[in-house]
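K.L.:
Here you go, one structure.
Number of protein chains: 2
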Amino acid sequence: MAEEVLLFSTWFSIYGRRVEMALKLKGIEYKFIEEDLTNKSPSLLKYNPVHKKVPVLVHNGKPVAESLVILEYIDETWKNHPILPKHPYERANTRFWAKFIDEKCWPAILQACWGKDQKEREKAAEELSKLLQFLENELKGKRFFGGETIGLLDIAANTIGYWLGVFEEAAGVSELLTREKFPKLFNWVNEWLSVSAIKENLPPRDKHVAFMRLNGQGFWNDYNASK
Amino acid sequence: MAEEVLLFSTWFSIYGRRVEMALKLKGIEYKFIEEDLTNKSPSLLKYNPVHKKVPVLVHNGKPVAESLVILEYIDETWKNHPILPKHPYERANTRFWAKFIDEKCWPAILQACWGKDQKEREKAAEELSKLLQFLENELKGKRFFGGETIGLLDIAANTIGYWLGVFEEAAGVSELLTREKFPKLFNWVNEWLSVSAIKENLPPRDKHVAFMRLNGQGFWNDYNASK
């Protein structure tokens, strides 16, 4: 029986893009279903009744939600091109830093771009700078967070590799990630964006920047309201 | 070489207890290091410089932080008595609900007990009721979340299995988890608390209730401040 892989997402979903990257890296065919988040489909509400959010991966009728959970599911289901390291300690590190990016870096990025006033934005930028320093140290001499090849942590860090730059441009804030301050992370961003499986699967940048100019403030408000 | 397993935690740490349960279930010897959270040790700050929080498991000198990350590390390192299911889909479900308990149920429990006024507490209790209904459905005909034996999701759900009852008593709120409303979950709590590896590894209940009477409000304030 042919496998059926559906992905409910939307073109600007940072978390949906993660899932797409993992599917593309592993060469898995899937059907992308674009959701209108202002008018969610009955299918999305059925498949993710808890959070009612994208992305949801539906594999042969069974739904999996939450991007990091989906990435692990993909890695355990399709074994080629592993995206998690083999050793338990490295796996733990990967999970730790992915969680750190979602729980710490993401709100700091949003706030540094769309905090309610200059003072709040500057404070968030300072906080973000401390957080990025941890990731700078984590890269050490490695080309990617995954080592010589892309792994789950690189995919999670797309938050910084691509999204951060788009948000900076849309919000008109000064550079949050500079070569001077974070040489390894800066280099990683360039390496990351030059990987064909990645750059071919990012949103159209101009459209994305224009979209975020209109919606960035709302994203930050929604993030706050959901806490 | 003998293995060295250290656990930095404190007796009232909900997340530290998770790690202890997994270690005990697998029969791993470890040294428990009680941290004074008002005066954290240089070792804790060295091993968890990012969050500066307990628990931290240090295995042969290598630190792992974040309770759910530690649980997966333990399961991948010591293979006896697996706490995660085998099938990728069930593993994804386990991870999804564990995250749900930490991100959704935990703040609702704290707020239902120590929200700033009656209205806020009642609203949180209503929200919690909706959340618990999802877990009630998840239990279906199962004895434990893990099936016939205890698994990672049961350990994560100790938040509800033990902590919720202590918090209710300490805060003097009416029953948030009743047999009438949540018969399966109520039954699971009783099954859970009758497992010797669990009940022997919980804090002394009276001491814990007294401690939370003094500190519950502070816990909720800290939770809010950390967001």
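Protein sequences, first through last, are from chains A and B.
Heads up: the first sequence is residues 1 to 227, going by full-length UniProt numbering.
Heads up: the second sequence is residues 1 to 227, going by full-length UniProt numbering.
No residue lacks a Cβ here, since even glycine has one placed at the ideal position from N, Cα and C.
Since Leu44/B and Phe8/B should fall inside the 8 Å C-beta cutoff, what is the C-beta to C-beta distance between them, to a whole number of angstroms?
P.N.:
Going by Cβ atoms, the distance from Leu44/B to Phe8/B rounds to 5 Å, so yes, they are a contact pair.
K.L.:
What distance in whole Å lies between the Cβ atoms of Trp11/B and Glu29/B, which are believed to be in contact at a cut-off of 8 Å?
P.N.:
At roughly 19 Å, the Cβ-Cβ gap does not stay under 8 Å, so Glu29/B and Trp11/B are not in contact.
K.L.:
Smallest Cα separation from Ala92/B: which of Leu71/A, Pro85/A, Leu110/A?
P.N.:
Closest option to Ala92/B, Cα to Cα, is Leu71/A.
K.L.:
What is the DSSP secondary structure of Ile70/B, reduced to helix, strand or coil?
P.N.:
Here Ile70/B sits in helix by DSSP.
K.L.:
Report back the beta-carbon spacing between Leu128/A and Ala112/A to the nearest angstrom; my notes put them in contact at under 8 Å.
P.N.:
Indeed they touch by this definition, with Cβ atoms about 5 Å apart.
K.L.:
Can you tell me which of the three DSSP states Ile33/A falls into?
P.N.:
Note: Ile33/A maps to strand in three-state DSSP.
K.L.:
Give me the DSSP bridge partner(s) of Val50/B.
P.N.:
BP columns for Val50/B are empty, so no partner.
K.L.:
Where in the stretch 57-140 of chain A do unbroken runs of the alpha helix (DSSP H), each at least 4 residues long, occur, reported from the N-terminal end onward?
P.N.:
Segments of the alpha helix (DSSP H) lying fully in the stretch 57-140 of chain A: 67-77, 88-100, 106-114, 118-139.
K.L.:
Identify whether Ser196/A lies in helix, strand or coil by the three-state DSSP scheme.
P.N.:
The answer is helix: DSSP assigns Ser196/A an H, G or I state.
K.L.:
Leu37/B to Ile101/B, Cα distance in whole Å?
P.N.:
Those two C-alpha atoms are separated by around 24 Å.
K.L.:
Where does Phe171/B land, buried or exposed, given buried means 16+ other C-beta within 10 angstroms?
P.N.:
Checking the sequence, you will find Ala at residue 171/B rather than Phe. Looking at its Cβ environment, which holds 16 or more other Cβ atoms inside 10 Å, Ala171/B is buried.
K.L.:
Candidates Leu153/A, Val58/A, Val189/A: which alpha carbon is nearest Thr77/A's?
P.N.:
It is Val58/A whose Cα lies nearest to the Cα of Thr77/A.
K.L.:
Kindly list, in the order they appear in chain B, the residues whose Cβ is closer than 8 Å to that of Val69/A.
P.N.:
Ordered by position in chain B, the residues that pass the 8 Å Cβ test against Val69/A are Ala92, Arg95, Phe96, Lys99.
K.L.:
Which chain A residues are close to Glu76/B, counting only those with a beta carbon under 7 Å from its beta carbon?
P.N.:
Under the 7 Å cutoff, chain A gives Pro88, Arg91.
K.L.:
Can you check DSSP and say which residues form a bridge with Ala5/A?
P.N.:
Here residue 5/A is Val; the residue named in the question, Ala, does not match the sequence. Its beta-bridge partners are His59/A.
K.L.:
Across the stretch 132-141 of chain A and the stretch 77-89 of chain A, are there enough close Cβ pairs to call them in contact, namely three or more that are closer than 8 Å?
P.N.:
Verdict: no, contact absent.
K.L.:
Whose CA, out of Ala108/B, Thr149/B, His87/B, Glu103/B, lies closest to the CA of Ser196/B?
P.N.:
Selected option, being the one with the closest Cα: Thr149/B.
K.L.:
Compute the distance between the beta-carbons of Leu176/B and Leu164/B, then report whether it is under 8 Å.
P.N.:
In this structure, Leu164/B lies closer than 8 Å to Leu176/B by Cβ.
K.L.:
By Cβ distance, which residues of its chain are closer than 8 Å to Glu191/A, with the 5 residues on each side in sequence left out?
P.N.:
Excluding positions up to five away in sequence, the list reads Arg143, Phe144.
K.L.:
Along the chain, where does the alpha helix (DSSP H) that runs through Val173/B open and close?
P.N.:
Taken as a continuous stretch (DSSP letters only), Val173/B belongs to no alpha helix (DSSP H), as it is neither H nor E.
K.L.:
Give every residue of the same chain whose Cβ lies closer than 8 Å to the Cβ of Ser13/B, excluding the five residues on either side of it in the sequence, and list them in chain order.
P.N.:
Hits under 8 Å: Val54, Pro55.
K.L.:
According to the neighbour-count rule (16 or more other Cβ atoms, all chains shown, within 10 Å of its Cβ), is His87/B buried or exposed?
P.N.:
Per the 10 Å Cβ criterion, exposed.
K.L.:
With DSSP run on the structure shown, which of helix, strand or coil describes Gly165/B?
P.N.:
Here Gly165/B sits in helix by DSSP.
K.L.:
In the DSSP output, what is Phe144/B paired with across the bridge?
P.N.:
Answer is Gly147/B.
K.L.:
Which of the residues in the UniProt domain "GST N-terminal" (3-82) of chain A, read from start to end, lie with their CB under 7 Å from any CB of chain B?
P.N.:
Cβ contacts with chain B: Val50, Lys62, Val64, Ala65, Glu66, Val69, Glu72, Tyr73, Glu76, Thr77.
K.L.:
Three-state secondary structure (DSSP) at Ala156/B?
P.N.:
Helix.
K.L.:
Could you tell me whether the Cβ of residue 234/A comes closer than 8 Å to any Cβ of chain B?
P.N.:
Residue 234/A cannot be examined here, being either before or after the span of chain A that is shown, 1 to 227.
K.L.:
Which residue comes first and which comes last in the alpha helix (DSSP H) that contains Trp11/B?
P.N.:
That residue, Trp11/B, is in no alpha helix (DSSP H); it is neither H nor E in DSSP.
K.L.:
Closer than 7 Å by C-beta to Ala22/A: which residues in its own chain qualify, once you throw out the five before and the five after it? Chain order, please.
P.N.:
Taken in chain order, the residues that qualify are Leu71, Ile74, Ile83, Ile155.
K.L.:
Where does the unbroken alpha helix (DSSP H) through Asn39/A begin, and where does it stop?
P.N.:
Premise fails: Asn39/A is in no alpha helix (DSSP H) and is neither H nor E.
K.L.:
Where does Thr159/B land, buried or exposed, given buried means 16+ other C-beta within 10 angstroms?
P.N.:
Buried is the call here.
K.L.:
Give the secondary structure of Phe211/B by DSSP, where H, G and I count as helix, E and B as strand, and everything else as coil.
P.N.:
It is helical.
K.L.:
Please classify Gly16/B as buried or exposed, where buried requires at least 16 neighbouring CB atoms within 10 angstroms.
P.N.:
Gly16/B comes out buried.
K.L.:
Once DSSP output is grouped into helix, strand and coil, what is the label at Pro203/B?
P.N.:
Coil.
K.L.:
Identify each residue in the UniProt domain "GST C-terminal" (87-211) of chain B for which the Cβ-Cβ distance to at least one residue of chain A is less than 7 Å, and report them in chain order.
P.N.:
The UniProt domain "GST C-terminal" (87-211) of chain B vs chain A, Cβ under 7 Å: Pro88, Tyr89, Arg91, Ala92, Arg95, Phe96, Lys99, Phe100, Phe134.
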